[in-house]
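Report on one structure; see the data block that follows.
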Amino acid sequence: MGRYVEPIEDCPAGNIVGLVGIDQFLLKSGTITTSDSAHNLKVMKFSVSPVVQVAVECKNASDLPKLVEGLKRLSKSDPCVLCFTSDSGEHIVAGSGELHLEICLKDLEEDHAQIPIRKSDPVVQYKETIQAESSATPLGEDLSLAIENGKVGPRDEFKARARILSDEFEWDNQEARKIWAFGPDANGANLMVDLTKGVAYLSEIKDSCVAAFQWATREGVFTEENMRGCRFNILDVVLHADAIHRGGGQIIPACRSAIYAAAYVAQPGLMEPVYLVEITCPETAMGGIYSVLNKRRGHTIGEEQRPGTPMYVVKAHLPIAESFGFTADLRQATGGQAFPQSVFDHWQLMNGVSNEDPKLIEKVLSIRKRKGLKEEIPPLDRFLDRL
1 MGRYVEPIED CPAGNIVGLV GIDQFLLKSG TITTSDSAHN LKVMKFSVSP VVQVAVECKN
61 ASDLPKLVEG LKRLSKSDPC VLCFTSDSGE HIVAGSGELH LEICLKDLEE DHAQIPIRKS
121 DPVVQYKETI QAESSATPLG EDLSLAIENG KVGPRDEFKA RARILSDEFE WDNQEARKIW
181 AFGPDANGAN LMVDLTKGVA YLSEIKDSCV AAFQWATREG VFTEENMRGC RFNILDVVLH
241 ADAIHRGGGQ IIPACRSAIY AAAYVAQPGL MEPVYLVEIT CPETAMGGIY SVLNKRRGHT
301 IGEEQRPGTP MYVVKAHLPI AESFGFTADL RQATGGQAFP QSVFDHWQLM NGVSNEDPKL
361 IEKVLSIRKR KGLKEEIPPL DRFLDRL
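Spelled out as structure tokens, the structure:
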């Protein structure tokens, strides 16, 4: 930040200071206080989310500790980047776009880890959802957004939450009071609701059912991507009278299979992330913009002229999966006169049903292949357990 480092005893409010020695306790942001009754400062919420991922590995196996340490430093240096280890053991770096990831990986290689690294092609996250009703019901986009924005959450007082759900989202007030869980990760845009009446021993299996729900919504039925916008209703349960047969080992796999089967027969679909792209250009270059957008499944949502200038601003929605190389194509088509800016905007339902539409089946199989899963759509009878 500045040229000199000066140690000081204290500092009045309104200044930026550097603190030494707290990096072992804080990852990205946090509150440091000596008061027992102080409130935590609100964590920053960004308008972009890390939806583009790259797997990284070191060229020399002996450099692995340096790579891990470099990923930790990268995570601290950029509040919007996400570094984690996948279930398959890969080190994943997730960023808000192609350019953001390119800069992060350059910093990782040259500054943070200082080792040569290999990186995979960028991969876009998808979400699984449902479009019809079985015993799994679509939540609706408005409620999904309310959950993701924190307006409705698992830590809300249940009567106040029920009032919001019944007033704004037309839920039955009694059903809204019986939400068991949000998922995945206890705060995602999926709900499990108890609609049973007079079931014996139900409270004993609640934790097991919630664990199964978290597992199922974290790894969807077709591509093992997170689910989004699904509500699962527990309609009836028949439990063994002997307590030893009501343990987690029996309940969790059975409940997960029931959730998968309910989603399977409710017109399952895929959701893809979409950028809002703002392109600034002169009028002569607008033809090139439309041709590039049309080739990449983009569609224009508005255009306006900047007052007092010959420049136009074109706003469009562009699927993130189609955005790789978009800037280069745009400059080529407009002779370098167009300047795009992209920000994650929303999740968009792809046309068709995951296990019926040929294009979606192809997409599902390509995701399964990338993840090392069996290259086939799982049959429905896989989720029916027979004695």
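Counting in UniProt numbering, the sequence shown tops out at residue 387, every number present. We put the CB at the ideal spot given by N, CA and C, even for glycine.
{"Asked": "Selection from 165, 258 and 184 that minimises the alpha carbon distance to residue 175", "Found": "165"}
{"Asked": "For residue 255 and residue 197, the rounded distance between their alpha carbons", "Found": "18 Å"}
{"Asked": "Nearest-angstrom Cα separation, counted from residue 13 out to residue 273", "Found": "41 Å"}
{"Asked": "Rounded distance between the beta-carbons of residue 90 and residue 113, thought under 8 Å", "Found": "That pair is no contact at about 16 Å."}
{"Asked": "First and last residue of the uninterrupted beta strand (DSSP E) at residue 324", "Found": "Element bounds for residue 324: n/a, residue is neither H nor E."}
{"Asked": "Test: residue 21 CB closer than 9 Å to a CB of chain C", "Found": "Any reference to chain C falls outside this structure, which holds one protein chain only."}
{"Asked": "Coarse secondary structure for residue 346, derived from DSSP in three states", "Found": "strand"}
{"Asked": "Enclosing alpha helix (DSSP H) for residue 195 [first to last residue]", "Found": "Counting along the chain, residue 195 falls outside any alpha helix (DSSP H), and DSSP gives it neither H nor E."}
{"Asked": "Rounded straight-line distance, which links the Cα of residue 299 to that of residue 27", "Found": "39 Å"}
{"Asked": "Residues sharing a beta bridge with residue 119, DSSP", "Found": "56"}
{"Asked": "Contact belief for residue 259 with residue 216 at Cβ below 8 Å, rounded distance in angstroms", "Found": "4 Å"}
{"Asked": "Under the three-state DSSP convention, the category residue 100 falls into", "Found": "helix"}
{"Asked": "Burial state of residue 354 (16 or more Cβ within 10 Å)", "Found": "buried"}
{"Asked": "Reduced DSSP category for residue 83 - H, G, I as helix; E, B as strand; rest coil", "Found": "strand"}
{"Asked": "Cβ-Cβ distance between residue 350 and residue 271 below 9 Å", "Found": "yes"}
{"Asked": "Cβ-Cβ distance between residue 223 and residue 364 below 9 Å", "Found": "yes"}
{"Asked": "Own chain partners of residue 237 with C-beta closer than 8 Å, once the 5 adjacent residues on each side are dropped", "Found": "196, 199, 202 and 205"}
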